[in-house]
Structures are given as structure tokens and as C-alpha cells.
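Asker:
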Ligand SMILES: NC(=O)c1ccc[n+]([C@@H]2O[C@H](COP(=O)([O-])OP(=O)(O)OC[C@H]3O[C@@H](n4cnc5c(N)ncnc54)[C@H](OP(=O)(O)O)[C@@H]3O)[C@@H](O)[C@H]2O)c1
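Residue numbers (my numbering): 1 to 193.
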């Protein structure tokens, strides 16, 4: 009942945006230089943090250019679903040949991009990258957030959240605590607040 009410308040009937991201306890998704060593150092490899569930629920990913470049630096491509990289600076030559079938670039605005993906049949898009998430959030294009808080303070870095045009209320849906100290919480955004 509550879910239906919240869903009906959603400002978009297009493809919906969904976030799944890890954040330090002090609110950063990476160090200033993009390093996520603090995340990799946690003893959480055997814990089901929900990533597979999230991936199964979406039609593809919309990723910021910086996140794409970071993922490329890992050398291993973990995404089976299509990935759209938002960038005004990258060109086709920046996409490695072996990924050209699975990765494409977009210069569209968030709303236009969701409309384009909707026309292709996407229902749910996984949004990745701090700036991309902030930009979709400020336009009311995110339906829910799944945040995994890591028990570490890194002091400074790239923030998950930034300035917002107005307050946004969230409805807490679920929280799971893992032996590693990771705390995973799901929130649904209450649109129009
Ligand atoms: N902790 C985690 O779970 C997690 C998850 C994902 C990423 N990360 C880390 O986060 C870092 C990257 O995040 P980030 O916040 O710096 O950047 P980001 O969101 O990944 O990428 C931002 C870039 O995307 C492009 N862009 C195009 N249209 C945009 C729009 N409408 N809104 C926002 N960006 C748009 C711009 O690049 P152009 O200049 O090319 O136009 C912009 O500079 C990486 O170090 C990555 O490792 C951590």
C-alpha cells in the first residue's frame, strides 16, 4: 500500500533510475584521486551485498565518464548488461574494441537519455558515479537508492551527495548489517517533497 502510494508520486513514467553504491561512513565514494582501496580492503568478499540482485533487476547501466575510466583501469569488465557512458569529452576511440558491442557513449541530458532508453525498452537503469547520481537526483529521476556504508572514515574524497535544489525525503525500506561491518540500506525517494 505504502509502496503503491510512493510509486504513484514518481514524477516520471519513463525508464526509472536506481542507485546501488558503496560509501564511506563520512559520505565519500572514492578518494580525491578516485582510489577505492578503502573499499577493497574490507573483509567482505564472501558477503552477499546485493550487487547480483541489483544487476538482475535492471536493463542496463548509465555510468559517469569518471566511473567508466576507473572500471577500465581494473582490466576486467564485470558487466553483462549494456552500459551507457555519459560524457562530453570521450569519443568512440576511447572505448576499447572488445567493449564496443556493450558500451556506448551519450551526450544527452539525463531526462532525454531516459526517454531514449525507454524507447529502446529499458524499464530500469542502474545509475553509477557520484556526479551522475547527483545530476539525476536533482532532476527527480531516481526511484530508489541502495547504499552500502563501509565502516571507515577517509576524511576527504569524492562525495556521493552534493547541493540539492530542495529537500528530498526518503522512505526507509530495509537495512542489513554484515559481519564485515558493512551496513546496507534501501531507500525509496518520495518524489515531490
Ligand atoms: N564507492 C562506489 O561504490 C563507487 C561506485 C562508482 C564509482 N565510484 C568512484 O567514483 C569516482 C567517479 O565518480 P565521480 O562523481 O567523480 O564521476 P562520475 O559521475 O562517474 O562521472 C562524471 C562525469 O560524467 C560526465 N557527465 C556527462 N553528463 C553528465 C551529467 N548529466 N551529470 C554528471 N556527469 C555527466 C562528465 O564527464 P565529461 O567531462 O566527459 O563530460 C562528468 O565529469 C571513481 O573514482 C569511481 O571509482 C565509486
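Each residue gets a CB set at the ideal place from its N, CA and C atoms; glycine is no exception.
For clarity, every value in this text was computed on a predicted model and none was experimentally measured.
(1) Less than 7 Å separating the Cβ of residue 135 from some heavy atom of ligand 1?
(2) Is any heavy atom of ligand 1 found at a distance shorter than 7 Å from the C-beta of residue 132?
(3) So what does DSSP say about residue 161, is it helix, strand or coil?
(4) For ligand 1, I want to know if residue 225 counts as a neighbour, meaning its beta carbon is within less than 7 Å of at least one of the ligand's heavy atoms.
(5) Taking residue 54 as part of the alpha helix (DSSP H), name the residues at either end of that continuous run.
(6) Report yes if the C-beta of residue 86 is less than 7 Å from at least one heavy atom of ligand 1; otherwise report no.
(7) If we call anything under 8 Å between Cβ atoms a contact, is residue 63 one with residue 128?
(8) Alpha carbon to alpha carbon, how far is residue 113 from residue 141?
(9) On the DSSP letters alone, give me the boundaries of the alpha helix (DSSP H) that residue 81 sits inside.
(10) Residues in its own chain within less than 7 Å of residue 162 by CB, not counting five upstream and five downstream?
(11) By Cβ distance below 6 Å, which residues in the same chain neighbour residue 16 in space, the five residues on each side in sequence not counted?
(12) Does the Cβ of residue 96 have 16 or more other Cβ atoms within 10 Å, making it buried, or fewer, making it exposed?
Answerer: Put simply:
(1) Walking along the chain shown from the start, residue 135 turns up at place 135. Yes, since a heavy atom of ligand 1 falls inside the 7 Å radius drawn around the Cβ of residue 135.
(2) Mapped onto the chain shown, residue 132 falls at position 132. True, at least one ligand heavy atom lies under 7 Å from that Cβ.
(3) Indexing the chain shown from 1 puts residue 161 at position 161. Residue state, collapsed to three classes: coil.
(4) In this structure the chain extends from 1 to 193, so residue 225 is not present and cannot be described.
(5) If you number the chain shown from 1, residue 54 lands on position 54. 51-56 is the span of the alpha helix (DSSP H), which, as asked, contains residue 54.
(6) As a working note, residue 86 is residue 86 in the chain shown. Indeed, a heavy atom of ligand 1 lies less than 7 Å from the Cβ.
(7) Counted from its first residue, the chain shown places residue 63 at position 63. Counted from its first residue, the chain shown places residue 128 at position 128. It is a contact, given that the beta carbons lie within the stated cut-off.
(8) The count along the chain shown starts at 1 and reaches residue 113 at position 113. The count along the chain shown starts at 1 and reaches residue 141 at position 141. Their backbone Cα atoms lie some 11 Å apart in a straight line.
(9) Looking up residue 81 in the chain shown gives position 81. Neither: residue 81 is in no alpha helix (DSSP H) and is coded neither H nor E.
(10) Residue 162 sits at position 162 when you count from the first residue of the chain shown. These residues qualify, in order along the chain: 134.
(11) Along the chain shown, read from residue 1 onward, the residue named residue 16 stands at position 16. So the qualifying residues of the chain are 124, 143.
(12) Sequence index remark: in the chain shown, residue 96 carries index 96 (1-based). Burial call: exposed.
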